[in-house]
Structures are given as C-alpha cells and as structure tokens.
Ligand code: NDP
C-alpha cells in the first residue's frame with residue numbers, strides 16, 4: 006500500500022510517499038481502508054521527533070475515516086464495510102491503518118465518511134477542553150488563542166453552545182473575521198496588539214475565567230496575566246514552540262491560579278468517554294450547531310505541502326489528506 010513515512014525526524018521534506026507492506030489486524034483490531042486523514046499539529050511534533058515514535062520508518066497521521074476492510078480475531082462490534090472514524094491512533098497517512106476496535110467509532114448516517122476525518126481529533130479536543138478540563142458554564146468568559154485555527158474555531162463554537170463569552174486572538178484581519186464567524190465576541194490581533202491589555206480592557210479589569218492556549222511559547226506568560234484570581238490556564242499545545250521550564254510559585258503570585266497541560270488521549274481513555282464526545286460532536290454537526298471549516302485538502306502524496314502550510318501559519322481551519330473514495 007502507499008503511505009507517508011519518515012525515515013529520519015526533521016523538516017517537512019522528510020515526509021516520503023512510499024510503498025510499504027499493508028498491515029494485518031491482530032486480536033481486537035480492525036483494518037480500516039482510509040478515505041481521508043486529518044492533518045493536525047501533533048503530526049508535525051512526531052515528524053520533528055519532539056514526540057517519541059520508536060518504529061522506523063515512522064508512520065504519521067492521528068486521525069482518519071474510512072471503511073472496515075477486515076476484522077481481527079474477536080471483533081464483533083463492527084462488520085466489514087462499516088463506515089468508521091478514529092483519532093489518536095498513529096498511521097492514518099496511508100491507504101490502510103490498523104486501529105483497535107475500542108478506539109473506533111461508527112460514522113452515523115448523514116455524515117459523509119470523508120468529512121468524519123475532519124471532526125474527530127480537533128472536535129473531541131475542543132469538546133474535552135470546554136466540557137471537562139475547564140467545564141464552561143453560561144456567564145463564563147474564555148480566551149481562545151489562534152481562534153481561527155482548526156481547534157480554535159471549534160473551541161469558539163462550543164463555548165458559545167454552552168453560553169460562555171469568547172475572546173479570541175488571531176494572526177491577521179482575515180483570520181479575525183473567521184474567528185468572529187465562529188462565534189468569538191471579541192478578537193484581538195495578537196501580533197500587533199498587546200493581548201493582555203486588551204483582555205483587561207474587554208473584561209473591565211477582571212480577567213477571564215480560563216485561557217485555552219494551544220500556541221505555547223509566545224503566549225504562555227501573557228496568558229497567565231489574563232486570568233482572574235483562581236482562574237485556569239489550559240496549555241494544550243505549542244504551535245509557536247514549547248514553553249520553557251516554569252516556576253510554580255508564579256501560580257500563587259498571580260492569584261492562586263490553576264494550570265493544566267492536558268492531552269486528548271487521557272480524555273478518551275474509556276469507551277464511555279470516547280462515545281460521549283464523538284456522539285455529541287456528531288449530533289451538533291447534524292443539528293448545524295457545529296461547522297467544520299475545511300480549509301484545504303491535499304492528495305496523500307502531498308502531505309509535505311500540508312505540513313509546510315500548517316507550520317507556515319498559512320491555514321485557517323481544517324486540513325485533510327484525501328486518500329480514496
Ligand atoms: P491550527 O489550525 O490552530 O494552526 C496553528 C495556528 O497557531 C496557526 O494557524 C497560527 O494562527 C497559530 N500560531 C501562532 N504562532 C505560531 C507560530 N509561531 N507558528 C505556527 N503557528 C502559530 O492547528 P491545530 O488546530 O491542529 O492545533 C492547534 C494547537 O492545538 C496545536 O498546538 C496542537 O498541538 C494543539 N492540540 C492539542 C491537543 C491536545 O489534546 N493537547 C489535541 C489537538 C490539538 P494565527 O496565525 O492566527 O496566530
């Protein structure tokens with residue numbers, strides 16, 4: 006089968022489109038014929054070697070959708086031909102991917118299989134951040150960095166569904182408009198404006214209840230200064246680079262703050278949680294409460310270009326690799 010592989014961690018040029026052996030599903034596993042694979046920032050961390058992946062060549066892609074091709078021993082919850090989707094199993098940048106049956110969800114009628122690959126990873130991330138890590142309630146105010154991004158737009162939309170106020174940040178005017186269209190009540194151009202001062206101004210000096218920060222290095226310190234006393238800093242990513250070591254005494258000085266560094270894997274660890282999040286995402290999409298903004302799609306062979314665009318800050322919304330029909 007054709008797949009994107011990485012022989013040595015490094016830049017986007019290290020992504021190779023090659024012929025490799027088709028994997029076989031083991032006990033409790035399913036072989037999925039991939040229709041579409043989601044492109045996510047986490048793929049760039051693996052490609053660079055920032056996250057460990059011991060096998061060589063390394064396989065990439067943490068999100069996909071397609072059809073059940075074959076069942077491993079003992080799998081009774083799916084049948085050959087079922088439309089399915091998954092996140093947080095690596096290897097989706099390929100024509101076929103083996104996924105544990107308990108990590109797969111059925112794609113409901115009415116959701117095109119190709120579209121399901123846009124919804125799983127960023128959708129369930131925005132879900133756990135706003136429903137579990139800091140469960141927003143009506144009247145809360147949140148700050149969402151990179152609010153026009155794939156995850157950012159979904160955070161804005163879900164925050165509005167639950168009745169919160171959203172302040173977003175964006176890298177340029179076009180992205181600011183896109184963040185507003187996703188529900189942000191105010192958007193700060195954080196490359197030219199002081200986002201801490203703007204947040205203080207917008208909240209009349211109080212600060213926000215929670216910051217959802219997927220940008221990391223360039224925003225972390227400022228984000229802490231945007232919080233109200235006993236507010237929560239949720240650092241969920243590092244698109245601008247990793248945050249350096251941190252003195253926890255700062256949390257005390259800035260108002261008994263809470264700090265979390267969460268990961269989707271820990272929030273879909275049980276079948277019950279995975280089904281809850283996926284079901285709510287699919288339902289909101291079916292009810293047109295949640296829109297998934299596809300920015301660009303690329304053929305599987307062009308994965309390197311997708312990475313260049315994502316890391317080059319050129320994108321706003323979701324990127325997918327189209328693998329088959
Ligand atoms: P995005 O679509 O948000 O793309 C990244 C955006 O980050 C850019 O478009 C840009 O928006 C902003 N950005 C700010 N500074 C930089 C920089 N120096 N270089 C590149 N981009 C920059 O990507 P995703 O939605 O895929 O991911 C967003 C974040 O969420 C990532 O950090 C990712 O790791 C994290 N994540 C974490 C998960 C978890 O469970 N912990 C799960 C899923 C995602 P702008 O131009 O508007 O500033």
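Numbering (the working numbering), first residue to last: 6 to 330.
Where is the CB? At the ideal position from N, CA and C, for every residue including glycine.
- Pairing residue 324 with residue 287, the inter-Cα distance amounts to about 19 Å.
- Apart from the 5 residues on each side of it in sequence, residue 25 sits with its Cβ closer than 7 Å to the Cβ of 6, 8 and 10 in its chain, given in chain order.
- In this structure, the ligand NDP has no non-hydrogen atom nearer than 7 Å to the beta-carbon of residue 16.
- By the C-beta density criterion, residue 55 is exposed, having fewer than 16 other C-beta atoms within 10 angstroms.
- Across the structure, residue 282 and residue 129 are spaced so that their CA atoms are roughly 6 Å apart.
- In this structure, residue 251 lies away from residue 219, with their beta-carbon atoms at least 8 Å apart.
- Buried is the label assigned to residue 121, since at least 16 other Cβ atoms lie within 10 Å of its Cβ.
- Exclusion of residue 282 from the 7 Å shell around the ligand NDP follows from its C-beta lying no nearer than that to any non-hydrogen atom of the ligand.
- Taking the Cα positions, residue 43 is about 11 Å away from residue 93.
- Contact between residue 14 and residue 76 is ruled out by a C-beta separation of about 34 Å, above the 8 Å threshold.
- Between residue 171 and residue 165, the CB-CB gap stays under 8 Å.
- Here DSSP, grouped into helix, strand and coil, assigns residue 255 to helix.
- Between residue 190 and residue 318, the alpha-carbon positions lie close to 23 Å from each other.
- The Cβ-Cβ distance between residue 330 and residue 73 does not fall below 8 Å.
- Residue 240 is bridged by DSSP to 218.
- Counting only runs of at least 3 residues, the region 7-81 fully encloses the following beta strand (DSSP E) elements, listed from N- to C-terminal order: 7-11, 20-24, 34-44 and 68-76.
- By the Cβ-count criterion, residue 66 is buried, with 16 or more other Cβ atoms from all chains shown falling within 10 Å of its own Cβ.
- Among the bridge pairs identified by DSSP, residue 101 is matched with 38.
- For residue 195, no alpha helix (DSSP H) run applies, since DSSP gives it neither H nor E.
- Scanning 148, 237 and 209 for the CA closest to the CA of residue 194 turns up 148.
- According to the DSSP assignment, residue 302 belongs to the beta strand (DSSP E) that extends over 299-304.
- Within the model, the alpha-carbon separation for residue 82 versus residue 254 is close to 49 Å.
- CA-to-CA, the gap between residue 108 and residue 174 works out to about 33 Å.
- Residue pairing by DSSP puts residue 146 in a beta bridge opposite 170.
- The beta carbon of residue 169 lies closer than 6 Å to those of 141, 145 and 147 in the same chain, with the five residues before and after it left out.
- In this structure, residue 134 places its C-beta atom within 8 Å of the C-beta atom of residue 239.
- For residue 245, the shortest C-beta to heavy atom distance toward the ligand NDP is below 7 Å.
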